[in-house]
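Take any residue in the sequence shown, count from 1 to its spot, add 1: that is its number in the numbering used here.
Notes follow the structure.
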Amino acid sequence: MGLLDRLKSRLGKTRAAISDGLSGLFRGGRPIDQALLDELEELLYTSDLGPMAGQLTAELARLHKRGELKGEEDVRACLRTTLLEQLNPGQPESDLYRAKPLVILVVGVNGSGKTTSIAKLAHRFQTQGKRVLLGAADTFRAAAADQLEIWAQRNGAEIVRQKHDGADPAAVAYDSVMAAQARGVDVLLIDTAGRLHTQHNLMEELAKVRRVIQKQIPEAPHETWLVLDGTNGQNAVQQARYFTEAVEVTGLIVAKLDGTARGGAVFAIQGALGLPVKYVGTGETLSDLEVFDPEVFVDAIVSKAVGNAHA
Ligand SMILES: Nc1nc2c(ncn2[C@@H]2O[C@H](COP(=O)(O)OP(=O)(O)OP(=O)(O)O)[C@@H](O)[C@H]2O)c(=O)[nH]1
Ligand SMILES: [Mg+2]
2 MGLLDRLKSR
12 LGKTRAAISD
22 GLSGLFRGGR
32 PIDQALLDEL
42 EELLYTSDLG
52 PMAGQLTAEL
62 ARLHKRGELK
72 GEEDVRACLR
82 TTLLEQLNPG
92 QPESDLYRAK
102 PLVILVVGVN
112 GSGKTTSIAK
122 LAHRFQTQGK
132 RVLLGAADTF
142 RAAAADQLEI
152 WAQRNGAEIV
162 RQKHDGADPA
172 AVAYDSVMAA
182 QARGVDVLLI
192 DTAGRLHTQH
202 NLMEELAKVR
212 RVIQKQIPEA
222 PHETWLVLDG
232 TNGQNAVQQA
242 RYFTEAVEVT
252 GLIVAKLDGT
262 ARGGAVFAIQ
272 GALGLPVKYV
282 GTGETLSDLE
292 VFDPEVFVDA
302 IVSKAVGNAH
312 A
C-alpha cells in the first residue's frame with residue numbers, strides 16, 4: 002500500500018469530515034450558493050482548520066462570484082491549492098543525515114507521544130540502514146526508561162539509561178552523547194520528560210539538557226522535535242509555545258492523527274508556529290509513522306473517494 006492509501010485509511014476520521022463531508026454537501030446536484038458555502042465553512046471548522054476555515058470559504062466565495070467555481074470538483078481543487086499553500090514543503094528526509102552522530106532531542110508535554118514516536122523513528126532509521134542509539138533522559142517518570150528499553154529490545158536498538166533512580170536527565174543526555182560518539186552510531190534520539198513539578202522546571206531542565214549536549218558537540222542537538230498530540234487539535238498550539246520559547250524547536254511531529262477528526266489542525270498548528278511538520282503518527286505500532294509530505298497529506302483528506310456514487 003502506498004503512502005496515499007495508508008494515510009487515507011489512517012486519517013479516516015479527518016477524511017470523513019472533509020472529503021466525505023464535501024460529497025455530502027453536493028449530494029443531489031446542489032448548486033453552489035451562500036447556504037452551501039456556510040455549511041462548508043462549518044464542516045471545515047469541525048475538522049479544526051481554525052481561522053483557515055474562514056479564509057478558505059472567503060476564497061471560495063470570491064471565485065464563485067467570478068464564475069470560476071462551477072461545482073464540487075472546482076471546490077476540491079481550490080481547497081487543495083489553498084491548503085497546500087499553507088504547508089511548508091520542508092526538507093527531504095535524506096537531508097537529515099548531515100552529521101554523525103546526528104543528535105535529535107525529542108520534547109513535548111506528557112502523554113503527547115514522545116516515547117512512542119522515538120521508537121517509531123528508531124525503527125524507521127534502522128530500516129534505512131542506520132545504527133540508532135536511544136538516550137532515556139526522561140528520568141522523572143520511573144517507567145519511562147523501561148518503556149524505551151522494551152521498545153529498544155524489540156527494535157534491536159541500543160539504549161543509554163540512568164544508572165540509579167533520580168539521576169539528572171542532563172547526565173543521561175551527556176552519557177548518551179558520549180556513547181554515541183564512542184560507538185560510532187548514526188543517530189542518537191534523546192527522550193525527555195513531559196512533566197516536572199512546574200512548567201518552569203521542565204523548561205529549565207530542557208535548556209540544561211541542550212547545554213550539556215552542546216558542550217560535547219557544539220552544533221548539536223542537530224534537530225529538536227516537538228511532539229504534539231493530534232487529538233488536541235488546535236489546543237496543541239498554546240502548549241507548543243512554551244516549548245518553542247524555551248528551546249529552539251526545529252520541527253514538529255503530530256502524533257495520534259489516526260484517532261481524530263481534527264486532523265485539519267495540522268494546518269493551523271503549522272501556520273501558528275511557523276515550523277515544519279516532519280512526521281505524523283498514525284497508530285500505535287512501530288510502522289505507524291509517516292514522513293510528512295504536504296501534497297500527499299492534503300490529497301488524503303481532500304480528494305474524492307474513488308467509486309463514489311455521487312461522482
Ligand atoms: N493511536 C495512537 N496512539 C499513539 C500514537 N502515538 C502515541 N500513542 C499513544 O499515546 C500514549 C502516550 O504515548 P507516549 O509515547 O508514552 O507519550 P509520552 O509523550 O512519551 O508520555 P510521557 O513520557 O508520559 O511524557 C500511549 O498510549 C501511546 O500508545 C499514535 O500515533 N496513534
Ligand atoms: Mg515518554
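Positions of the beta carbon are idealized from the N, C-alpha and C atoms, including for glycine.
Computed from a predicted model, the values in this text were never measured in an experiment.
Which residues DSSP lists as bridging residue i, in chain order
| i | result |
| --- | --- |
| residue 228 | 254 |
| residue 45 | Answer by DSSP bridge pairing: none, since residue 45 is not bridged. |
| residue 160 | 135 |
| residue 280 | 254, 292 |
| residue 104 | 189 |
Proximity test, residue i beta-carbon vs ligand 2 heavy atom, cut-off 7 Å
| i | result |
| --- | --- |
| residue 225 | no |
| residue 195 | yes |
| residue 139 | yes |
| residue 101 | no |
| residue 331 | This structure leaves residue 331 out entirely; the chain is present only between 2 and 312. |
Residue i, buried or exposed, once every other Cβ within 10 Å from all chains shown has been counted against 16
| i | result |
| --- | --- |
| residue 73 | buried |
| residue 53 | buried |
| residue 310 | Its pLDDT being 44, under 50, residue 310 is placed unreliably by the model, and the measurement read from it follows with that caveat. By the neighbour-count rule (16 or more Cβ atoms within 10 Å), residue 310 is not buried but exposed. |
| residue 177 | buried |
| residue 312 | Low per-residue confidence applies at residue 312: pLDDT is 37, beneath 50, and the placement is therefore not dependable, though the value from the model is reported in the following sentence. It counts as exposed. |
| residue 302 | buried |
| residue 230 | buried |
| residue 116 | buried |
| residue 160 | buried |
| residue 121 | buried |
Residue i beta carbon near ligand 1 (any heavy atom closer than 7 Å)
| i | result |
| --- | --- |
| residue 10 | no |
| residue 285 | yes |
| residue 228 | yes |
Under 8 Å between C-beta atoms of residue i and residue j
| i | j | result |
| --- | --- | --- |
| residue 279 | residue 226 | yes |
| residue 39 | residue 131 | no |
| residue 184 | residue 134 | yes |
| residue 256 | residue 292 | no |
| residue 88 | residue 271 | yes |
| residue 194 | residue 141 | yes |
| residue 274 | residue 221 | no |
| residue 263 | residue 49 | yes |
Indicate whether the contact test is met: 3 or more Cβ pairs, each with one atom in the region 24-38 and one in the region 280-287, closer than 8 Å.
Short answer: they don't touch.
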